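Visitor: My structure is below; once you've seen it, I'll send some questions.
Given below as structure tokens:
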């Protein structure tokens, strides 16, 4: 399942990352609840969405300038469309799991969303991939629920759902305290294992993972609101090959270095938007939504 760890990942979590997070810890000033003090305190009267702070598509961050200063909307490219629909499919599948509905009608749900009115690219392929993710989530969730049913004879169905799928999905939370948008959606927070997840589609796992910034940012926001420590993050990479869904996960300690990096990116982009600084055009990355508009501004 997308947010379930496999056996090896569980061992890494228990024998490597948990001990590391306990021994190394996190500096108090880099916890989200220290939002009212430097360096976490934002000094510009600007609020940005998490993807604008964390995005590394553009080397100069001109995509942030185009969107938030020049108010350009950008193009709904195929990678962006695939990511959007895949996220929606995962979220709805988990919503059905919460209702203990392990066999909802994908076609009925998909057609009701009218994705074709606002996405671009190979629409049939996007629908196919969304269906694969939908089936994967529901099949694995049902298996976990069945296991819970056989091992928890005195639990209610609600209890078994809560423990077999211990995930807050698309949890709405305000990032205003640390300079983010007023409404953010967390991809997934595992409340039993205290892990912040972020999903990326069509991107392969690399040894150096710049996408760690997303889970790091959401952890900081979570800490700023709920004042509970979040020390473990996980980037989930979804890819498709022929008729197969490929899932890779990158578990990591949300360290001082990652938190400082996120703050640095936030401050740089808040300043850019506040002072309306054009950072200049870089060599375009084709998956960037603003590749075409960037050439004409």
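In the numbering used here, the protein residues as written are 1 to 297.
The beta carbon of each residue, even a glycine, is placed where N, CA and C say it ideally should be.
Remember, it's a predicted structure, so these values are computed and weren't measured experimentally.
1. In three-state terms, what does DSSP make of residue 157?
2. Just checking my contact of residue 238 with residue 86 at CB under 8 Å: how many whole Å lie between their CB atoms?
3. Quick one, which of 3, 7 and 70 has its alpha-carbon nearest residue 276's?
4. I'd like the span of the beta strand (DSSP E) that includes residue 253, first residue to last.
5. Quick one: give me the first and last residue of the alpha helix (DSSP H) that residue 115 is part of.
6. First and last residue of the alpha helix (DSSP H) that includes residue 126?
7. Go through its chain and collect everything with a Cβ distance to residue 203's Cβ below 8 Å, but skip five positions before and after it.
8. Residue range of the alpha helix (DSSP H) that residue 65 falls in?
9. On the DSSP bridge assignment, give the partners of residue 241 in chain order.
10. Count the other C-beta atoms from every protein chain shown that fall within 10 angstroms of the C-beta of residue 10, then say buried if there are 16 or more, exposed otherwise.
11. Helix, strand or coil for residue 36? Go by DSSP, reduced to three states.
12. Determine the closest residue to residue 143 out of 101, 128 and 124, with distance taken between C-alpha atoms.
13. Should residue 59 go down as buried or exposed, given a rule of 16 or more other Cβ atoms within 10 Å for buried?
14. Work out the CA separation of residue 56 and residue 50 for me, nearest whole Å.
15. Would you mind stating whether residue 270 and residue 104 have Cβ atoms separated by less than 9 Å?
16. Keeping to the same chain, check which residues put their C-beta closer than 7 Å to that of residue 17; ignore five residues upstream and five downstream.
17. Check residue 204 in the structure and name its three-state DSSP category.
18. With a Cβ-Cβ cutoff of 9 Å, do residue 121 and residue 77 count as a contact?
19. Could you give the residue range of the beta strand (DSSP E) that holds residue 180?
20. Using DSSP with H/G/I as helix, E/B as strand and the rest coil, what is residue 269?
21. If you check the beta carbons only, do residue 224 and residue 35 fall under 9 Å apart?
22. Assign residue 152 to one of two classes, buried (16 or more other C-beta atoms within 10 Å of its C-beta) or exposed (fewer than that).
23. Could you give the distance in angstroms between the alpha-carbon of residue 177 and the alpha-carbon of residue 154?
24. As a quick exercise: from 184, 62 and 83, pick the residue whose alpha carbon is nearest that of residue 173.
25. Where does residue 300 sit, in a helix, a strand or coil, going by DSSP?
26. Which residue's Cα is closest to the Cα of residue 200: 213, 295 and 294?
27. Using DSSP with H/G/I as helix, E/B as strand and the rest coil, what is residue 199?
28. Under the assumption that residue 47 contacts residue 290 (Cβ atoms under 8 Å), give the Cβ distance between them as a whole number of angstroms.
29. Whose C-beta lies closer than 8 Å to the C-beta of residue 292 among residues of the same chain, with five residues either side of it excluded?
30. Using the Cα positions of residue 130 and residue 26, report the straight-line distance between them to the nearest angstrom.
31. Would you list the one or two residues that DSSP bridges to residue 233?
Guide: Let me lay it out:
1. helix
2. 6 Å
3. 70
4. 244-253
5. That residue, residue 115, is in no alpha helix (DSSP H); it is neither H nor E in DSSP.
6. Unbroken alpha helix (DSSP H) run through residue 126: 123-151.
7. Setting aside the 5 residues that flank it on each side, residue 203 is surrounded in the same chain by 211, 237 and 239, each with a C-beta closer than 8 Å to its C-beta; the list follows chain order.
8. Its alpha helix (DSSP H) spans residues 62-68.
9. 244
10. exposed
11. coil
12. 101
13. Label assigned to residue 59: exposed.
14. If you draw a straight line from the Cα of residue 50 to the Cα of residue 56, it is about 12 Å long.
15. No, Cβ-Cβ distance for residue 270 and residue 104 is not below 9 Å.
16. 232, 251 and 253
17. Shown here, residue 204 sits in coil according to DSSP, grouped into three states, outside any helix or strand.
18. yes
19. Here residue 180 belongs to no beta strand (DSSP E), and DSSP marks it neither H nor E.
20. helix
21. The Cβ atoms of residue 224 and residue 35 lie closer than 9 Å to each other.
22. Looking at its Cβ environment, which holds fewer than 16 other Cβ atoms inside 10 Å, residue 152 is exposed.
23. If I take the Cα positions, the gap works out to 42 Å.
24. Considering only alpha carbons, the answer is 184.
25. Nothing about residue 300 can be reported from this structure: the residues present for the chain run from 1 to 297 only.
26. 213
27. strand
28. The pair is not a contact, with the Cβ atoms about 20 Å apart (cut-off 8 Å).
29. 75
30. 38 Å
31. Its beta-bridge partners are 196 and 252.
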